[in-house]
Amino acid sequence: MYFINGFPKIISTIPSEEDDCFQYLCCNREHTLILVLRKYSFAIWQLRPLLQLTAYRRSHSSVKNVGINVGALWEPETNAIVIQTAEGGLMFFNLDFRNADRGCYQLEDSKNSRRESDELFLKETIPYISVIPTASIMIAGGITSLESLRDNVMVASSSGFIQRIQWDGSINNSLTIVLEKVPFSIDLPQSKKSYLSQSSIHIIDLDFSFLLGGFSLVLSNGRGALMTASDVEFLPDTVQCVWVPVEPSPFTCTAVNHKYRLMAFGCTNAQGALYCIEDQTEGIQLTHRLQLLDRDCPDMAGGCGSVEGLRWTPDGCALAMIWKKGGFAIWSVFGALLTFSLSLVHESIPRRVSALDWGTEGYTMWILDPKLLLAYNFVKSALTVNNCSTNRTSVLLQGENGIMLNTGDRVILQPLGAKDSHVETKYALFSNKSWTVIQLPNRYILTNWPLRYTVVDADAETIAVAGRHALALYLLSSRKWKTFSNDTAEQLFTVTGGLLWWKDFAICGAYNLSTKGQEIRMYSKHKPLDHKHAVIWKLPNEAHVMSLNVFRDMLLIFSSDSLLTISSLEKKKVGKTDEVSVVINVLQMVSVQNISPHPHCVISVDLTPVRTETGQRKHTGIREAESLLINVSGRLWIIQRDALDPSKDTSDDNTSTSSSVTPLLLSSCVEMLWVHPSITPSKDKPQLCEALWMFCGAHGMKVWMPLFAKDGTRRNTFLSRRVMLPVWLRIIPLCVLFDEAMIIGAESDFLFESGPVDSSANQLPSFSINRTSEVYLPQALRQLLRRNLGAHALEIAQTCTKLPYFNHSLELLLHEVLEEEGTSSAPIPDPLLPSVVAFVQEFPVFLQTIAHCARKSDIALWPRLFIEAGEPIDLFRECLDSQQLDVAASFLIVLNSTLPTAAVRKQATALLEKAQQARNTDLASETSRFLKALEHEEQEGQRHTPDMPSSKSPGALRTNQDPIDLGNPMSPQSSMTFKYGPPVRNKSVSESAHGINPLKRASSVPYAGKDEPHLRSVSVVVPPIMNGLGQSSTLPGAMDRLSLGEHSSNGVSHTSSGASLTSKNGWSRRRFPGHAQPKQILT
Amino acid sequence: MMVDLIASLTRGAIYVSGEGLRCRVALLASSLSTPVEKRTIAFVSGHIHCQCSVEDTKVLLPIKPLIEPPEAAGRRNSSTGTELNTFTVISTIPKILVGNLTLRPGEEFNVLYSEVIPKSTCPSFRGLAVRYSWKLAFHCQVLGQATTVIHIPLWIMILPEVEKVLLSNGDGIRRASNGDSAVDGKLPEELTFREHNADGEDEVFVHNGPVNLESALQSLDELTKKRNPKIFNIDCQFGKLGKLTLSKTKFRLGEEIYGKFDFTDKNVTCIQYLVSLIGDEHICEDHRKPKGVAFSENIVSRANDFCLCLQQSNFSLPIPLHITHSFSSEIIELKWKLRFEFVLSTEAFHLDVPQVANEQQSVLWRAPVRIPVETIAWNLPLDIYPTDPVQVHSVHLRDSLGGEVKVQL
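Keeping their order, the protein sequence lines are chains A and B.
Take the first sequence: its position 513, counting from 1, is numbered 513 in the working numbering, and each next residue is one higher.
Take the second sequence: its position 362, counting from 1, is numbered 10362 in the working numbering, and each next residue is one higher.
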């Protein structure tokens, strides 16, 4: 998960009169150096500190002979580069590192002033390098693409050859692959092979992945293929190709993801398509498409142009895409849109992204425009590189210079007031949207940049980070960093993979640079960071640790030999000192070779209490490790405990490698997963807390939820079934709050910059990162109801009734289904609304939910709602009988629009009486005011006929995102007296309201103004912002920042000036006819 | 039999002065011991006070402490080793919550303490020379025992010019609480605010309720919102360095300071810069020791960049939520500033590879090996305002400001 952050850094611009424009850029394999190619020259930059190391301008005659620079390629070991020219020339350059140690850019203080702060001194020398031209050759037919394979450059030419050229410039013709002679098949290897019919077809783009076992190709006919060989050297005779399934629009470029084994193709219609190799048949399968939604960009193909380039981040977790018309987009690995920008600047200054690459660890993205070179900063979720369980309990983002932490919202028991030595309490939401920004200690990061791994402990009290060498700890309570005392201590080891907290210890998988051995090192947070306090476990084999995870007192070590070691951890006191040691016992080793083609493909390993329906459950009161979840290239495998139970192996060979386990495939396209972190099973919300959540990018979120048999309690249920439900989120999830039924995440938000006008050429979009949240309850309930699992939905919902936003979740559920089914043009074969209404009926807030939902929906949808929910008059009576007077008042508007005035008056009078009996003076006075207005209307005798411009357009203001409160609950305007009728779909407001924005116009309507009766009917559309579903928490003021999904905009509006005027039951008092002079509502 | 007193603040320990505070106090008689025994609690009273600790070596105390602390007047706090002189700046009148209460084993008594945090010029502050610590204190006495004092530390921020807000916004003064006050049914203490009118006339304003936080925060929004960006041309003795654009100079806690350097128009080259957010603790002249230092600096965040090869660079400095906003009290003034340190070179520096007339000749550009540099510094004052206490709450959860205390009487 990558999030663009802050302002762009403008590195270099080219004056408009200068012809030597930027052409291309690419980073070396380690992403530490970047080659910036211009038409006639090129430069090599170091990424940190950002400096130009060397540059080279070709002679005029050379440009004349072989053409301008168009592309380039780094030698894998960063010893050489090759430049591709427009006329088919290849120019090789060696990087001269001979004087690198001498250093350059050495700053020398003058006598008068000295630098004082440590930050202003560089600890490492900047290499003094230059380039030496070595060879230059011409390729017949022109070059289309370059790629490196071992010691060779693979050069694809438009004559249909792939030539192999060594880095000294010599061509090995015997290895040339001729495309015409390569067999192509639909499915490998069974299906029939055929050869290309047209000789003019050639390769236009290629990318190699060792883990994929071949090249991803784009051919000039717009089709894609995977080129593999039975020989690792890709000898011409052994090469064969498999066609990628045909897409509606031709491909333009390709990029492969090693870790997730995906081939990404860009298409001419601006979309992207990603393919994986299916395990069984080895055929190529479409996993997902990269496509902007209509709400983001209505005309994607037209607005963006064809895809020009694709780049995966160094860790393979995100894909950057650039379009011909100048925009770019960042997608998560399985296709969730993270950020996109269609134009980098104002429309007045056309600018296009022509090339793009990721900097070190993906913390920067370099963007090239022909006249401009700039870099954006990114922060990424700590889960991208360190997928351990504690990092999933809060939102932790890591960037180049710092860490951002958000621990999420919490529902806390709150005292309300005191009565007779009994303090009433209720649950309230503590929202926490601010980031704790932690800057990395200069002492550590100066020598150990870049930051690689970060981890926060489960209670969000301590953070550990690891850069190039060693690690550093941060205590949030004291806001202090702990680092090793000197550089030599830091140089001792480097973290190879995995960093986590277990109790007081930061545990890392390390490579000891002095003994050249693999180790697990543990450092206590209570001790100074020093090797003498470290607990070190020397691993017996050579394979280095790739990732770590912990479950309770069990440590999982995944190492590069594809072995998973499960061991137990135990704290032990050493002698009589306070020194604490950790005893590690290896319980079991599991080989994952049969599910993972390469250890690099293992995304995460987890020991979890999640179980499939088979197997027996032991009731020990604590959540035991029941299964092993392994994510291999997005495929999530589950291995049951029975198969790997360490306690079963009592014999001596309990450390033996067992590979006879049968893993089950749970889901594919999994990016991240979440399991409830607590040790004890939750009694409050067993279903929600036992659920397994998976984020699947474009396929949305999936939840694997347990369903307990209805007759018995959970304790007696030996067999629990599970159901997989899709949940569609509007946010990018980073953390699931199980107890709060909420998912939190982050997003990059466009930051408007009101810069000075004169420097408009430099105005580029900038971004800030917001914490987002969404309550998943309505979605999950809806999916259960859809599957006729109403009983289970009810059971789950009843565990959540204490949540402060539970009522709103019900409302949201009802509202969404009503909206969808009410506005659908096609008949719905199996409508969900009846079951949703029946479901809501099970809760005491049924009447309130119906009333609120009605008020927030289009009048046209009311008949649909009340067919299911019952006649409004009955509901109103029910409210009166059950003393829910405020709710009854809400129903008055419904009555007002469905009954004749006399009947309404009768009901209103009944309400008034009840209100007076209950000594609810507020409500009584409001009701009497309503009655008065009703009377007034009657006396006037002329009820407004619905011919007013916007009289029938209450829903016209609604957009898909913002269902609004219909409001005006009691206004007895005759314009609303039409009976149940056909849905009134309104587009008419904008035309009919005399060209005035109806929202604005309506807001300034004086309701009491007798002289403007024709305007009064407009007030039907007024009150959208005051009291949406967003008003949920009871905490004062700004605490209330909970955004309930799409209603977030309502929540925000709370701080607007009118908020304090909202009455308890959610209406704005000034809406009543005859009320005092209204004020401006909308500002 | 033991009696446990549990006091928990309803909304954490972070408040703005003038805001209403509520604390739930529970008295629990443990049921473990013999059932016949019962305890009588003579009284429990609560009050809020602010104490000022000054370091004697740095600060000259006012001759007369402002208010004598109700307990242990002028007590020396020797735990830190340095000489600290502590006195109470402000205190509310103690409220009796419980009087002559008898509890049987297993019984529980709950009471809600509510109080308006008095207005003051001193926010909670942990400085080097002066510390202001706000506390909610409960005195309780079990019959026949000594009085126990329980402290709950508070973190108080001061909203600037709240009076103005109250005056300009007529309905800003409203009871935020829903009428539920302490168990004794008393309304919160009446407060007298001296309002400063726009006309310059002073008038006494009396209202019996806490300030409306929402409208006060709104005025703060207004105060700190982005207006026209501030552009600074940076010149020094060697020439023009470039331009700095700051979106604003009035910030709230928790915000980020974004700054942008533009080096296109220059005649000296900036090689490197370091920007630090610094809090200046400035002892007022009257209270300064004759030979003592006037102020001490506290660096809270830093950013630097090697900008030699850049046309535009930018930095973002987080303003941590845990720091104290700008304020000035009688003794001390806390000012915030950005300090820029520029490392610059007077030599011209070109990144472009020079062109040559010779058709056949290619040109190699190499980096300079040594660069003689000068260093200059520049301070830019900033105003830092408080923010929504709920937002601040999250950062103080982990330190002593948990807002809950459990004591066995």
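Glycine residues also receive a C-beta, built at the ideal position from the N, C-alpha and C atoms.
- The CB of Gly10254/B comes closer than 7 Å to the CB of Ser434 in chain A, given here in chain order.
- Between the region 83 to 93 of chain A and the region 10273 to 10283 of chain B there are fewer than three C-beta pairs closer than 8 Å, too few to call the two in contact.
- Here the alpha carbons of Arg722/A and Pro706/A stand approximately 4 Å from one another.
- Residues of the region 10119 to 10149 of chain B whose Cβ lies closer than 8 Å to any Cβ of chain A: none.
- Segment contact: the region 263 to 273 of chain A against the region 217 to 227 of chain A, three or more CB-CB distances shorter than 8 Å; contact assigned.
- For Cys10309/B, the residues of chain A that pass the 8 Å Cβ criterion are Ile11, Ser12, Trp45, Leu50, Leu51, Gln52, in the order they occur in the chain.
- For Phe930/A, the enclosing alpha helix (DSSP H) starts and ends at 921 to 940.
- A direct Cα-Cα distance of roughly 37 Å separates Arg521/A from Arg10126/B.
- Boundaries for Leu292/A: no alpha helix (DSSP H) harbours it, and the DSSP string shows neither H nor E there.
- The Cβ-Cβ distance between Gly790/A and Phe839/A falls below 8 Å.
- The Cβ atoms of Phe10349/B and Ala10377/B do not sit closer than 8 Å to each other.
- The C-beta of Asp237/A comes no closer than 8 Å to any C-beta of chain B.
- Counting every other CB atom within 10 Å of its CB across the protein chains shown gives Tyr363/A a total of 16 or more, marking it as buried.
- Under DSSP, the beta-bridge partners assigned to Ala318/A are Ser332/A.
- Scanning chain B for C-beta atoms nearer than 8 Å to the C-beta of Asn112/A yields Glu10374, reported in chain order.
- Between Asn448/A and Leu500/A, the beta carbon gap of about 19 Å keeps them out of contact (Cβ cut-off 8 Å).
- Approximately 6 Å separates the beta-carbon atoms of Asn5/A and Phe767/A; this is inside 8 Å, confirming the contact.
- No Cβ-Cβ contact shorter than 8 Å links Val10405/B with Ile10048/B.
- Taken through DSSP and simplified to helix, strand or coil, Asn391/A comes out as helix.
- Among the residues of chain B, those whose CB is under 7 Å from the CB of Ala55/A are Val10353, Trp10365, following chain order.
- Membership of Gly822/A in the alpha helix (DSSP H) is indicated by the continuous run 806 to 823.
- For Gly790/A, the enclosing alpha helix (DSSP H) has its first and last residue at 790 to 799.
- Close CB contacts of Ser835/A within its chain, under the 7 Å cut and outside five residues either way in sequence, are with Leu785, Gly790 (chain order).
- By a beta-carbon distance limit of 8 Å, Gly316/A contacts Asn257/A. Their separation comes to about 5 Å.
- Neighbourhood of Glu10359/B in chain A, by CB distance below 7 Å: Ser59, His60, Ser61, in chain order.
- At least one CB atom of chain A sits nearer than 8 Å to the CB of Tyr10258/B.
- Contact check for Val837/A and Glu868/A: beta-carbon distance about 4 Å, within the 8 Å limit, so the pair qualifies.
- When Cβ-Cβ separations below 8 Å define contact, Asn10314/B makes contact with chain A.
- Chain B places a beta carbon closer than 8 Å to that of Gln106/A, counting this residue as a contact.
- Annotated three-state conformation of Ser857/A is coil, per DSSP.
- At least 8 Å separates the beta-carbon of Asp409/A from that of Leu810/A.
- Annotation: Gln398/A to Leu629/A spans about 25 Å, alpha carbon to alpha carbon.
- In the three-state scheme derived from DSSP, where H, G and I count as helix and E and B as strand, Trp728/A is classed as coil.
- Against chain B, the beta carbon of Val131/A has neighbours under 9 Å at Leu10364, listed in chain order.
- DSSP places Lys10243/B within a strand segment (E or B) once states are collapsed to three.
- Against chain B, the beta carbon of Ser117/A has neighbours under 7 Å at Leu10274, Glu10341, listed in chain order.
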